[in-house]
Amino acid sequence: MNFSVNCFNIYDMIRRNATLFAKSTAIVHANEKISFQEYFLLVNSLAASLLDNGVKSGDRVAILAMNSPAYLILYGAASAIGAILVPVNWRLSEDEIAYILEDSGAILLFFDESQKKLAFSLKNTLKYKGKLADLCSSGKGISCLNEEKSLDSAEKEEILSYDKMISSEHKWQGPSICEEYPVFCLIYTAAVAGKPRGAALSHSNIITANLQTSLVMYLDKNDAYLNMLPLFHITGMNLALAVMHMGGRNVIIEKFDAPRALGLVDREKVTLMASFPPILSTLMTHMKDNADQGQGFDIDSLKNVVGIDSPENIEKFTQKTGCRFWVLYGQSETSGFVTLSDSSESPGSAGRPCPVSRLSILDGADRELPLGKSGEIGVRGPVIFKGFWLKDGSCNTKSMQDKNYQGTSEGFSFDQSTIRNGWHHTGDIGHLDQDGYLWFEGRKPEKELIKPGGENVYPAEVESVVMLHPGIENCCVIGVPDPKFGEGVKAVCVRKIDFSVTESELIAFVGERIARYKKPGYVQFVNELPMTNDGIVDRSEVKLLYGSNGE
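FYI, the numbering for the sequence shown is 0 to 550, going by numbering that gives the first Met the number 0.
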């Protein structure tokens, strides 16, 4: 495989920063601080170890873990050798994770203490046939495998040790491996048909997204980002790398925990964090409770919050803290944000386009609509993904007929069916006002999406699991208002005759088969569902009739 170094990738950024910000802190985790120079050396060690263990350019390397320094080190190591990173959402069910590993063709899976049982189960049931790498001992020197009884000694020996990998005497010395548009990662997204799809993002996509985020928010080496948004999430990745690119610090917390988050903002003088429901409301509750007890946190350092929430919550938080809240619009397919603005400029909007992202509102024939007119949100520019990963480099028939695929010099193919006439079709409906602010109005009917707490849930993927229950004749899943997560998942179901399944039984049944955040929080049984003339469930009518949460 021929490679060119006439580009700038994630590893190049890390190598550059090792010189520009050598002694400055790059990563803070618990009581550990890692400088940019130390980070670079750890990346080199892991890169060399990956090569020693048979990982080559183009191979997929997955990680199933909470946020940690190891996650960011793997970002760099994979980039250095041209491997493709597959960050896996640990909230998914075992079968969903198995599907992602199989679809991506991952040959190595890193796992941490919180995910070890799942990793062993995937391996023991042959749902995953690649190698495993143990992050459990990271920073502690004691492997979580020592007392693991489900594995024999030979099986334990086959599992790679992250601690040993980063202690390798063999240091990566080569140039960054790069083509004009190499794939950096596959971010698996919810899919209309119920199976997740891997959005293939290039180094160019990610670097461009990071730089435009930094430019809009004026990020610099003095910034400290509270890294609590999952690093498998495109927003978590975008902000972590944007701050790192500018020479700032990543202050890592494994997952959101209000007291710890506030404590870290205080202790580490955090300047930036991300928020999706219910983070803001939870933080405000804890701030009030602690203030009432005379144990307030000093969070004056916090200058910027990026995310999504109700205008009311945003106003309360900004008034209470004095920080700016940046609203956004974006997708995994757009490498993160394509709009980003201070919420106070146009409350309720999703912000204005970023510097190198062009947005337009399109009609059904891909014609650009005038300001104020509603249509599908189209995006173009260097942040648009390469397409959806096609397993084994194959192309589905429809994509080939429509020429919506691309064979690359890397030997991979991608489904580009969302990209037409130069525009990525988001499947979202909205309009642009006279000042260029985007107003999000919802999903196209055929691509309806539910967003509990910022996650993506397609009704079809939940409906397919609900219909597995022997007592369900028909169902329709819709989004309803939820006081905690902004939007909740509701299943409106028709029972089969002579079955007496209850709401709690159905919720438990579904929860055992898909990610917890996807299972219905609300269930309503009805005698029949409204149907269209074509004999399919009329989702719009279901929402009209049953679109409340029942509270």
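Here a beta-carbon is modelled for each residue, glycine too, at the ideal position from N, C-alpha and C.
Secondary structure at residue 513: coil, using DSSP grouped into helix, strand and coil. A distance below 7 Å between beta-carbons, with the five flanking residues on each side excluded, links residue 118 to the following residues of its chain, in chain order: 63, 108, 110 and 131. Close CB contacts of residue 323 within its chain, under the 6 Å cut and outside five residues either way in sequence, are with 303 and 341 (chain order). Relative to residue 218, the option among 386, 305 and 264 whose CA is nearest is 305. Annotation for residue 313: 324 and 342 place their beta carbon closer than 6 Å to its own, counting only its chain and skipping 5 residues before and after. Every alpha helix (DSSP H) of 4 residues or more that sits fully in the segment 232–314 is shown, in chain order, as 233–244, 257–267 and 278–291. Within the segment 411–451, no complete alpha helix (DSSP H) segment of 4 residues or longer occurs. When DSSP reads this structure, residue 354 sits in no beta bridge, so it has no partner. The three-state secondary structure of residue 317, taken from DSSP, is helix.
When the beta-carbon positions are compared, residue 13 and residue 68 stay at least 9 Å from each other. Shown here, residue 466 sits in coil according to DSSP, grouped into three states, outside any helix or strand.
Out of 262, 265 and 548, the CA that lies nearest to the CA of residue 485 is found in 548. Rounded to whole angstroms, the Cβ separation of residue 358 and residue 437 is 6 Å, and the two are in contact under 8 Å. Restricting attention to beta strand (DSSP E) runs no shorter than 3 residues, the segment 485–544 encloses them at 485–494 and 521–524, ordered along the chain. For the pair residue 337 and residue 307, the CB atoms are not nearer than the 9 Å cut-off.
No Cβ-Cβ contact shorter than 9 Å links residue 66 with residue 233. The beta carbon of residue 244 is closer than 6 Å to those of 12 and 209 in its chain, skipping five residues each way along the sequence. Per DSSP, reduced to three states, the secondary structure at residue 480 is strand. No Cβ-Cβ contact shorter than 9 Å links residue 171 with residue 19. Judged by DSSP secondary structure, residue 210 falls outside any beta strand (DSSP E) and instead within the alpha helix (DSSP H) spanning 202–216. Looking at the backbone, the Cα of residue 39 and that of residue 300 are separated by about 28 Å.
If you check the CB distance, residue 465 and residue 479 do not come in under 9 Å. Judged by their CB atoms, residue 242 and residue 261 are not nearer to each other than the 9 Å cut-off. Taking C-beta atoms under 8 Å as the contact rule, residue 462 and residue 495 fail to qualify, at a distance of about 16 Å.
Straight-line measurement puts the Cα of residue 224 at about 20 Å from the Cα of residue 353. A residue is called buried when at least 16 other Cβ atoms come within 10 angstroms of its Cβ; residue 498 does not meet this threshold and is exposed. Scanning 309, 159 and 425 for the CA closest to the CA of residue 48 turns up 159. For the options 183, 15 and 348, the alpha carbon positioned closest to that of residue 59 is the one of 183. In terms of Cβ geometry, residue 228 and residue 240 do not form a close pair [threshold 9 Å]. When the beta-carbon positions are compared, residue 388 and residue 196 come within less than 9 Å of each other. Distance from residue 356 to residue 378 at the Cβ level is roughly 6 Å; contact confirmed, criterion being Cβ atoms closer than 8 Å. Counting along the chain, residue 130 sits inside the beta strand (DSSP E) bounded by residues 130–133. For residue 330, the uninterrupted beta strand (DSSP E) run begins and ends at 323–330, by DSSP. Secondary structure of residue 366 (DSSP, three-state): coil. Taken through DSSP and simplified to helix, strand or coil, residue 120 comes out as helix. Note on geometry: alpha-carbon atoms of residue 116 and residue 164 lie some 22 Å from one another.
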